[in-house]
Amino acid sequence: MGGCQSHPSAADTQIVPQPSDVNKLGDNNNERVLEERPYLQQQYVSERITHTDMTALTSLPPGLDQAEWLASNTVAFFKHINLFSSALSELCTPTTCPTACGPDNTVYTWTDDQGKKLRCSAPLYFDYTMSYIQDLLTDEDVFPTRAGSVFPAGFVFLVKKVFLLLFRVLAHIYWRHYREALVLGLHPHLNTLFIHLTHFSLQHDLLEAEHTQPLQDLIIALGQHSLT
Ligand SMILES: [Zn+2]
């Protein structure tokens, strides 16, 4: 997941419906689901690096500007997820991952700035993703860093787009590289990062339910655990 030369402007998905609701399945099917989705196994779901109160962590602190809060968190999530995907980049190649996929056989296709849809390998898709986000975050007109700067009118729309793309990076890791993350001992970090991202998104209305659906079972599993 390194650099790229393209400047894609949008992304799209193609979803092939698959059974995904663990609770509606019988024991045999449940075992099969857990084999396919080891990240739902209880011993892994419980693994975190912190049990911080995520609502308190993600809520807008009193007196802070919401756009500033969204901007600083967007930058932080990008840095963390970029670092995380870099750690797994040698395991995510055009051979291992010829399509950019997520749970439920979701296939992510990239739309370039001419509107052309590109069905590409996962490493190429995530190259596009990270380069696109990097360009946005370093654009002073979109993410101003100077004191007293005004955020542009479409700022929240762009933040939502960044969160969708970052969510897909994590969705691909859970779907295709979770066992490798286990071997490396990265799964507590992955869970914590995912919980933080989804809580922040929920708190600030950044991700649509249809986009998080492929990992809804994990969101529920992680949420249920935090309540016990
Ligand atoms: Zn991959």
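Numbering-wise, the sequence shown is residues 173 to 400 according to the numbering used here. Glycine included, C-beta positions come from ideal geometry on N, C-alpha and C.
For H223, the distance from the CB to the nearest heavy atom of ligand 1 is not below 7 Å. Close CB contacts of Y346 within its chain, under the 6 Å cut and outside five residues either way in sequence, are with Y211 (chain order). Under the three-state reduction of DSSP output, T364 falls in the helix class. As DSSP reads the structure, G274 sits in a beta bridge with T278. With a cutoff of 7 Å, T278 does not count as near ligand 1, since its C-beta is closer than that to no heavy atom of the ligand.
Per the coordinates, the alpha-carbon of V217 lies some 10 Å from the alpha-carbon of G395. Within 7 Å of the C-beta of C292 there is not a single heavy atom belonging to ligand 1. For the options H368, D311, P360, A343, the alpha carbon positioned closest to that of Q385 is the one of A343. In this structure, V334 lies away from T278, with their beta-carbon atoms at least 8 Å apart.
Short note on T268: C-beta closer than 7 Å to some heavy atom of ligand 1. Burial state of I305 is buried, judged by a 10 Å Cβ sphere holding 16 or more other Cβ atoms. In the three-state DSSP reduction, K333 falls in the helix class (H, G or I). Under the three-state reduction of DSSP, L390 is assigned to helix. Between ligand 1 and the CB of H361, the shortest heavy atom gap is not smaller than 7 Å. Around L260, the same chain offers H349 as residues with beta carbons nearer than 6 Å, after the five sequence neighbours per side are excluded. From the listed residues A239, F249, I221, D299, the smallest Cα separation to V314 is found for A239. Counting only the Cα atoms, F339 lies some 11 Å from L378. Put simply, of L236, N200, I253, R204 the residue whose alpha carbon is nearest the alpha carbon of L337 is I253.
The beta carbons of E219 and P324 sit no closer together than 8 Å. Beta-bridge pairing by DSSP links L290 to W282.
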